[in-house]
Structure formats: structure tokens, C-alpha cells
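With full-length UniProt numbering applied, the sequence shown corresponds to residues 1 to 567, in that order.
Below is one structure, written out as C-alpha cells, with a few remarks after it.
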Amino acid sequence: MTCSDVGTLWPLPTNLEYLSKALVTFDQVEDISIATCDCDAITEGLVNTFFNDVFLGYLKAMRATDPDIPTGPFTQDTFQVEITILVENPQESLTLRTDESYSLSIISDDLNSKKLSVGIRASTYFGARHAMETLSQLISWNNQKNTFQIHDQVLITDAPYFPHRGISVDTARQFIPIQYLKKVIDGMSFNKLNTFHWHLSDSQSFPVELPSFPQLAQYGAYYENEVYSAEDILDLVEYAMLRGIRLVPELDGPRHAANGWQFGEIEGLGTLAFCINDDELRCRGGVCGLLNPINPNLYIVLEGIFRDLRHLIPSDQFHLGADEVVFHCWNKSMEIQNWMFDQGMSGTKDDFYALWHLYQTNTLETLIRANDGQRIKATVWTSSLTQRDNFDQVLPVEDYIIQIWTNHDEPTLPNLIGQGYEVILSHEDVYYLGCGQGSWGDKAPAHCDPFKQWRDIYDFDPLDNYLAFEGSEIDRSDQILGAELGMWMEQTYGPTLEAQIFPRSAAFAERMWTKPNLNWTQAEIRFIHQRQRIVERGVIAESVQMYWCHQNEGRCRVFGDPSVPEP
1 MTCSDVGTLW PLPTNLEYLS KALVTFDQVE DISIATCDCD AITEGLVNTF
51 FNDVFLGYLK AMRATDPDIP TGPFTQDTFQ VEITILVENP QESLTLRTDE
101 SYSLSIISDD LNSKKLSVGI RASTYFGARH AMETLSQLIS WNNQKNTFQI
151 HDQVLITDAP YFPHRGISVD TARQFIPIQY LKKVIDGMSF NKLNTFHWHL
201 SDSQSFPVEL PSFPQLAQYG AYYENEVYSA EDILDLVEYA MLRGIRLVPE
251 LDGPRHAANG WQFGEIEGLG TLAFCINDDE LRCRGGVCGL LNPINPNLYI
301 VLEGIFRDLR HLIPSDQFHL GADEVVFHCW NKSMEIQNWM FDQGMSGTKD
351 DFYALWHLYQ TNTLETLIRA NDGQRIKATV WTSSLTQRDN FDQVLPVEDY
401 IIQIWTNHDE PTLPNLIGQG YEVILSHEDV YYLGCGQGSW GDKAPAHCDP
451 FKQWRDIYDF DPLDNYLAFE GSEIDRSDQI LGAELGMWME QTYGPTLEAQ
501 IFPRSAAFAE RMWTKPNLNW TQAEIRFIHQ RQRIVERGVI AESVQMYWCH
551 QNEGRCRVFG DPSVPEP
């Protein structure tokens with residue numbers, strides 16, 4: 001805590017104005033409390049719930065296991081720590097436009113009073129929550145003296161650089177019980193990440209039980225008990241919101257849609273999806289399936305799904321998937337061939353793109369209709385569609401955010417920004433976490449190999465990468481909303497999920513929050529400490545060094561690496 005000018009804070013605040021190296025003590029969890037919260041009633045309820053249920057839990061976990069024993073200087077007399085909070089705006093939902101900034105001060109002007117005053121000021125609850133997260137990192141447990149200790153003078157003003165700081169989690173290839181998803185959200189909150197992108201459905205399964213069409217889960221879940229109920233989803237949304245995280249749902253289509261959609265023909269709605277589990281076709285992911293854009297009943301089903309999910313997950317974004325469409329599946333369908341003939345089409349590639357265009361146009365209109373006529377930002381993945389000329393006529397700039405998963409050095413990013421799109425970055429060669437284990441289907445490497453280690457994730461700056469392209473414009477950089485780590489689940493399941501995501505996501509989190517002018521060597525000691533911190537709070541984070549390295553800071557560098565100075 002006192003060996004560095006920035007302590008052990010993670011992510012690093014954007015403006016750390018002062019951090020004293022003097023520590024004062026308080027003996028018990030009960031010695032720290034909220035004195036006042038100048039805010040509306042709902043915000044006050046959120047603040048108190050977070051403080052009592054989460055923040056104090058941090059301290060209890062710290063007291064039990066924290067091995068970090070600073071040597072001072074510190075005073076021996078115990079203090080009462082009183083927190084005063086001011087939240088200016090009664091905003092209950094987190095969006096891309098939410099102000100997450102805060103200021104945090106700690107003052108001990110009168111040592112005789114044995115009171116330490118903590119002041120938090122934020123525009124919204126979410127900024128106040130971040131401030132309490134920072135405050136928790138200014139406290140440690142000294143197990144030699146059996147007391148908590150806290151910096152006695154602090155001044156921080158802080159705000160995230162990027163508004164979208166997320167992790168995408170796929171719960172269709174493997175069903176992940178809610179308890180493990182909550183652990184991911186816990187770890188995200190410890191690092192001030194704010195977006196849980198929930199990839200709810202794919203070709204392999206449809207594990208979501210929705211009131212409008214429960215048949216999707218009945219036909220699409222792996223097992224009847226491997227289903228997310230409406231109550232499960234509402235519980236996760238509330239759990240995440242308290243911790244400063246919003247959920248963004250993804251219903252993938254027209255590709256990545258198979259199991260679950262069989263019910264259409266059985267229940268008189270016609271063919272909702274083609275090529276379901278068709279072994280004659282070779283589909284990336286092992287399971288084929290493509291929605292039927294010319295069946296009007298498809299959009300009735302989609303409207304019910306969208307309406308249910310909008311009720312359960314009230315996000316300002318909705319992800320529509322829309323990548324890796326395989327035209328040979330549509331081409332195999334006599335229904336599609338007859339429709340094309342009636343339209344005067346001959347089955348050319350352009351004709352199949354026109355069919356895809358029809359799906360996207362109708363689906364966006366359906367999403368708006370399900371949202372009671374209110375427009376909502378739709379997100380789609382980059383694809384062959386987003387590489388075509390004039391594709392903005394199909395995906396209007398004002399309606400769509402594009403999520404880029406092509407490699408970081410491909411011109412996709414500057415091209416999309418040049419066309420006016422807001423973008424979210426998920427470059428598979430930088431941000432895909434489930435890589436390095438080889439292919440799940442044969443002895444070949446996986447498409448996103450090699451393994452992405454935390455040092456590379458930390459050192460990759462998305463804005464600097466954009467500005468390195470010829471013709472890039474700094475004035476357009478705010479079109480980069482942020483980035484997401486991708487956790488695809490072909491080779492991961494519930495109990496191993498946390499270790500795949502953490503602590504690498506902490507490296508990503510500091511880059512996205514602070515945009516620090518640092519490289520991994522300058523952040524390493526704090527990173528190792530942050531990994532230890534989140535483990536103590538209950539997250540199963542993979543080890544990145546021997547524990548000896550945590551106890552002997554800076555002595556584990558591998559010489560021969562040109563980025564590491566020789567002694």
C-alpha cells in the first residue's frame with residue numbers, strides 16, 4: 001500500500017491527485033459506516049445495499065486472508081471512518097451514456113478526534129459504486145497488528161476512458177449455471193468493467209425459457225434442468241446492476257440458430273429454420289442452422305422473443321448476431337428456391353445477400369415493434385455483409401453498432417469508422433480468451449490460437465491501434481465505444497469459466513478504464529496484487545506467477561526479454 005505512489009489501486013484512477021503514505025487504523029468492520037447519503041430514496045437504497053452486502057464483505061474477506069503486511073508509517077490509535085456520499089442524479093439504469101465519474105477524498109485533519117472523513121461525490125449511483133470499489137482498495141488488513149489500516153489523506157477524481165468495457169459470455173455451447181455467471185460479474189465489478197454481453201442462443205442450444213414461446217427451450221435446451229428461467233434472468237440483472245454492470249442480450253441470427261427452432265413445423269408455423277443438425281453441410285461450429293427470412297411467422301416468434309427479453313433485460317442495446325451466414329443452406333431449400341424464382345432471382349450470390357438484407361431489415365423493424373415503437377441501438381458482428389459496398393443501406397449508421405472480431409491489423413476498423421459507425425472491438429487475435437488449447441474437433445490449431453496472455457492484452461491500446469492506420473482521424477476516435485473480451489465456450493464449462501476470464505480481464509480493464517501511459521512491466525506488481533485481491537474475494541483466478549513472486553515483488557522478471565532491463 002505504501003511502497004508505490006499509486007498504492008495497489010486497480011484500475012489506476014485517471015487522476016490520482018494525492019495518496020498519503022501514512023496509514024491510520026480501525027479495528028472492526030463496524031468502525032466504518034455511511035454517515036449520510038445526499039441522494040434520492042432509490043439511490044440511497046442501492047448505496048446502502050451495496051455497502052452492507054458487498055463492500056463490508058470485501059473487508060471481512062480481507063481480514064481473513066490478506067497476506068499483504070505494509071510496514072507503515074501508521075498510527076496505533078484506532079479511528080472511526082465516516083463516509084459522506086453525494087449522488088447528483090437519480091439514474092437507475094446503466095447505459096452507454098451514463099456518467100460513471102466520481103471524486104473520492106479522505107481527510108484526517110483532527111487526529112485527536114479519531115475520525116476519518118471519506119467524501120464521495122458522483123453524478124450517478126454507478127459512479128458512487130466505483131468510488132466505494134476504489135475505497136475498498138485503500139484499506140488492508142494488518143494481520144501482525146490485528147487491525148485494518150487505511151490511507152489518511154487521499155484525493156482522487158476518476159472517470160472511465162471508454163464507456164463500453166465488457167466481456168462476452170457464451171451460454172449456448174455450454175450451459176453455465178447462474179452461480180458461475182454471478183462469479184464472473186463479481187470479478188468484473190472488482191475491476192470496474194460494466195457490460196456483460198450475454199450470448200444466449202446458438203445452433204447448439206436455446207437454453208432460455210421465455211413466456212411467449214417456451215417451445216424454444218423445450219426443443220433447444222440440452223436438458224430440461226439446463227434452462228434459464230425468467231426468474232433466473234431477472235435475478236442476474238438485479239445482481240449485476242447493483243455491482244455497476246449492465247446486461248446486453250444477444251439473440252443470434254440468421255445463422256447460429258438451429259436447436260430450438262424445430263417446433264415451427266410441428267406446431268403449424270412452417271419452417272422457422274433450415275439445415276438444423278444437417279450433417280451433409282460443413283458448418284463452422286459443427287452444427288448447422290439458418291433462420292427462414294421468408295416465413296412471416298418467423299417475425300411473429302422474433303417479436304415475442306424480443307418483447308420478453310426487453311422486459312427481462314432492459315438494456316439500451318440489443319445484439320442481433322448476424323455473422324457467418326452460409327448461403328448453401330438457403331440454397332438447399334426448395335422453399336427458398338421457389339421464392340427466388342417468384343422474385344425473378346436466379347440464385348446468384350447477390351440474390352442471397354438480398355435475402356440476408358430482407359432478414360436484417362425485417363428483424364430490426366420487429367425489434368422496434370417489440371420495444372413499443374421506440375428505436376433501440378442494435379449491434380451486429382462484422383461479417384461478409386459489412387464488407388460489401390453500400391451495406392449501410394441495410395444496416396443504417398443511426399441504428400447499428402458494429403462489433404469487430406477481425407484481427408486488429410485488418411482495415412475493418414478504419415473502414416467502419418470512416419463510414420460513420422460506432423464500433424465495439426473484439427479482435428480475435430487480441431481479445432478472444434478461449435484460445436491456445438487447439439481445435440475442439442481435430443488435431444489442428446484453433447482458429448484463434450495462440451493463448452492470449454495478460455501482458456499482451458494490457459499492452460494493446462485500441463485507440464493507438466486505430467490511429468496507426470493511414471487516414472485515421474483523431475476527431476473520430478469517440479466512435480470507438482470500447483471493447484469486449486470474448487469467452488466462447490467450446491472447451492470451457494462452469495467450474496473452469498472464472499479461471500479462463502480472470503485475471504486476464506483485469507489487464508483489459510485497466511487499459512479500458514484508464515488508458516494508461518504504461519506497459520505491462522510498469523503495471524506488473526499492481527496486477528499481481530489485484531489478482532491476489534480478487535482471489536481473496538472468492539473469484540477463482542488463474543495464477544500467473546509463483547506465490548513467491550507476490551511476496552518478493554519485482555524479483556521474478558525473466559531476463560532475456562528485451563522489455564525487461566537487466567540488473
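We put the beta carbon where it would ideally sit given N, CA and C, even for glycine.
Residue nearest to V118 within the set G494, A273 and S136 is S136 (criterion: CA-CA distance).
In this structure V325 is in contact with R255, their Cβ atoms being roughly 5 Å apart against a cut-off of 8 Å. Within the stretch 417–492, the complete alpha helix (DSSP H) segments of 4 residues or longer fall at 428–431, 454–459 and 462–467, listed in chain order. Note on geometry: alpha-carbon atoms of T382 and E231 lie some 33 Å from one another. In this structure the stretch 242–249 does not lie against the stretch 321–338, because fewer than three pairs of beta carbons, one per stretch, are closer than 8 Å. For the set Y223, G420 and G244, the Cα lying nearest the Cα of F196 is the one of G244. Taken through DSSP and simplified to helix, strand or coil, H199 comes out as strand. With fewer than 16 other beta carbons inside 10 angstroms of its own, I42 counts as exposed. For I245, no beta strand (DSSP E) encloses it, and the DSSP letter there is neither H nor E. Assignment of V54 by DSSP, reduced to helix, strand and coil, places it in the helix class. Below 8 Å, enough C-beta pairs join the stretch 5–15 and the stretch 506–523 to call them touching: three or more. Here I42 is not bridged, per DSSP, to any residue.
Cβ-Cβ separation between I404 and L425: approximately 5 Å, consistent with a contact (criterion under 8 Å). Within the DSSP bridge table, the entry for E398 names no partner. Per DSSP, the beta-bridge partners of N15 are T157. Under the three-state reduction of DSSP, F274 is assigned to strand. The Cβ atoms of T78 and T147 sit closer than 8 Å to each other.
A check of alpha carbon separations from G434 across T379, V380, Q500 and R455 identifies Q500 as the nearest. When the Cα atoms are used, D5 and S105 turn out to be separated by approximately 16 Å. Using a Cβ distance threshold of 8 Å, S168 and E484 count as a contacting pair. Per DSSP, the continuous alpha helix (DSSP H) segment holding S189 begins and ends at I178 to F190. In this structure, P207 sits near F175, with a CB-CB distance shorter than 8 Å. Where D350 is concerned, there is no enclosing beta strand (DSSP E), although the alpha helix (DSSP H) around it starts and stops at K349 to A370.
The stretch 466–473 and the stretch 176–185 do not touch, with fewer than three beta-carbon pairs separated by less than 8 Å. In this structure the stretch 127–142 does not lie against the stretch 451–470, because fewer than three pairs of beta carbons, one per stretch, are closer than 8 Å. Y359 and A61 have their C-alpha atoms spaced approximately 51 Å apart. Taking the C-beta atoms as reference points, V154 is found nearer than 8 Å to S20.
Counting only runs of at least 4 residues, the stretch 62–143 fully encloses the following alpha helix (DSSP H) elements, listed from N- to C-terminal order: 125–137.
Under the three-pair Cβ rule at 8 Å, the stretch 273–283 does not count as touching the stretch 222–231.
The stretch 33–49 and the stretch 78–89 touch, with no fewer than 3 CB-CB distances between them shorter than 8 Å. Cβ-Cβ distances below 8 Å link Y239 to K182 and I185 in the same chain, with the five nearest sequence neighbours on each side left out; the list follows chain order.
Counting only the Cα atoms, H199 lies some 15 Å from G494. When secondary structure is reduced to three states using DSSP, I528 falls in the helix class. When the five nearest sequence neighbours on each side are left out, the beta carbons in the same chain lying within less than 7 Å of the beta carbon of R369 are those of E303, in order along the chain.
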